[in-house]
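To start, the structure under review is shown below, and the notes come after it.
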Amino acid sequence: MTRQDAFRPRWTPEIAERHAALGARLEQLVPCLEVPLHLAWIDAIQQLKRERGAVIMAHSYQSPEIFHGVADITGDSLALAQAAATCEADTIVLCGVHFMAETAKILAPDRTVLIPDLEAGCSLAASITADDVRALRARHPGLPVVSYVNTTAAVKAESDACCTSANASEVVEAVAAEFGVDTVIFLPDRFLGAHVASQTKIRLVLWDGSCEVHETFTAQQVRHTREQFHARVVAHPECPPEVLAEADFVGSTTAMGSWLEREKPERVALITECSMADNLKSRFPGIEFVKPCNLCPYMQRITLPNIHASLLERKYVVEVPAGIAAGARRALERMLAVGRRDRV
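Be aware that the sequence shown starts at 4, since it is given in the working numbering, and climbs by one per residue.
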C-alpha cells in the first residue's frame, strides 16, 4: 500500500450530506458519477486546510472540483498575484502552474508556498530564458523590457515590468512613459504582443513564444462554431491574430466573465482552455457554452489527490533565490501598481 492509499478518504453518507449544496453544483459541471469521489477528497482537503492554516489559490483553468470545491481564492494570474501580495495565511497552496507559485512566493516571501506537482509547467515560460533577455537587451540597448507574467522568476528578474493579459497595454504604456521611449521589448508571447501592439501607439519588439493551448486554434474553427451553433465568440489574446479577428470579444479570463455579465448571450464559445467554460457555467446557468476548447496539460496535473498530498506532506515547497526574487519583485510591483485595466 502506498502512502497516498493509506490516506485515501472514503465517501460516507455524512460527507454527502455535509456537502449537499456543493455536490448539486458539481453535478452540473462534471460527470455525476465522479461527484461522490470528489466530495470525499474535498472533505479531507478542507479539514487539512484548517489544521495547516493554509489557503488554496486556484487559477481559472483549474477543473471544477478544485475551482469550486476547495479553492479559497480563484481568478486569473493578476488576481492570484494580488491575493498573494496581501495573504495572511501561513501556507499558500497554488493550484496552477509553476510560474504562478513562484510569483506567489516572490510577493509573499514569508509564507510557505506549495505546488502540488512540480511538473505543472508552462510552454510560454519554457520558451525564453534569462540569457535570452540579456541578449535582447544587448541587441536593443536602452529599451525597457515588459515580460508577460507567464515567465520564470529568472526572466522576471531581468525585466523592468511584468504584465498580465488584463493590463498588458497599460503596463507597456506606463513603462514607455517612465523610460521616455517609444519602443518596448515585449515577451514572450508573440500573439499577445501583436494584440497589444494593435491597442497602443508604442512599438513592440516581440519574442517568438506562444501558448500551446491557444496557438492551435484557427479562424476556420471560429467560423464553424459561429455558423454551426449560432454562438457569440470570445477569445483570449494568446490566440493567433486571425482567430482574434473573428471574435466578438477579445480579453483576459476575468474580462471574459465581465463581458458575459454585460452581454448575456444565449450561446457562447470561449476560445481558451476548457475548464474556463466549465467554471463559468455555474455563474451563468442561463448561458449555453459551446466548447471548441483545448485542455492545458500542465493545469491538468493538479488534482484533488495531489492537493491533499501537498497539504499532508508539505510538498512541494517553492523557493526563489533571494537575488532573483528581488529583481522579479520590482517587475511584479510595477504590474501591481498598474492593476487591472481590462479593456472591456
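Every residue gets a Cβ at the ideal spot worked out from N, C-alpha and C, and that includes glycine.
6 angstroms Cβ shell around residue i - same chain, five flanking residues per side excluded
i             : result
histidine 22  : Leu42
alanine 197   : Pro244
glycine 99    : His62
leucine 339   : none
threonine 115 : Thr94
alanine 250   : Val236 and Ala238
isoleucine 45 : Gly72 and Val73
alanine 107   : Ala87, Ile95, Leu97 and Val116
Cβ-Cβ separation, residue j to residue i (assumed contact under 8 angstroms), whole Å
i             : j              : result
glutamate 276 : asparagine 297 : 7 angstroms
leucine 110   : arginine 333   : Going by Cβ atoms, the distance from leucine 110 to arginine 333 rounds to 12 angstroms, so no, they are not a contact pair.
leucine 117   : valine 320     : 6 angstroms
alanine 19    : proline 39     : 7 angstroms
alanine 171   : valine 216     : About 18 angstroms separates the two Cβ atoms, so there is no contact after all.
alanine 57    : valine 96      : 6 angstroms
valine 184    : cysteine 166   : Not confirmed; about 16 angstroms, so no contact.
proline 119   : isoleucine 310 : 5 angstroms
Cβ of residue i within 7 angstroms of any chain B Cβ
i           : result
alanine 272 : Judged by its chain identifiers, the structure shown contains no chain B, having just a single protein chain.
Cβ-based burial, residue i [other Cβ within 10 Å; buried from 16]
i             : result
valine 149    : buried
threonine 219 : exposed
serine 80     : buried
methionine 4  : A caution first: methionine 4 carries a pLDDT of 39, below 50, which makes its placement in the model unreliable, though a value can still be read off. Counting Cβ neighbours within 10 Å, methionine 4 comes out exposed, since fewer than 16 surround it.
glutamate 105 : buried
glycine 26    : buried
cysteine 35   : exposed
leucine 146   : buried
histidine 3   : Lying before the first or after the last residue shown, residue 3 is absent from the chain, which here runs from 4 to 347.
threonine 155 : buried
arginine 235  : buried
alanine 141   : exposed
lysine 52     : buried
histidine 227 : exposed
threonine 89  : exposed
leucine 314   : buried
arginine 157  : The sequence given here places alanine at residue 157; arginine does not occur at that position. Buried.
arginine 337  : buried
alanine 123   : buried
glycine 342   : exposed
glycine 78    : buried
Neighbourhood of residue i by C-beta, 8 angstroms cutoff - its chain only, sequence neighbours within 5 removed
i              : result
arginine 193   : Leu209, Trp210, Asp211, Gly212 and Ser213
tryptophan 14  : Pro39, Leu40, Leu42 and Ala43
alanine 329    : Ala160
methionine 279 : Ser63, Tyr64, Thr256, Met259, Leu273 and Cys296
aspartate 75   : Lys52, Val58, Ile59 and Met60
Same chain only: Cβ atoms within 7 angstroms of residue i, ignoring 5 sequence neighbours per side
i            : result
valine 347   : Its pLDDT being 48, under 50, valine 347 is placed unreliably by the model, and nothing is read from it.
leucine 195  : Tyr151, Ser168, Ala171, Pro240 and Glu241
arginine 229 : Val236
Is it the case that the region 299–308 contacts the region 76–90, given that we only count it when at least three CB pairs across the two stretches are under 8 angstroms? no
Contained beta strand (DSSP E) runs [length at least 3] in the region 49–130, N- to C-terminal order: Counting whole runs of 3 or more residues, the region 49–130 contains the beta strand (DSSP E) stretches 57–62, 76–78, 94–98 and 115–117.
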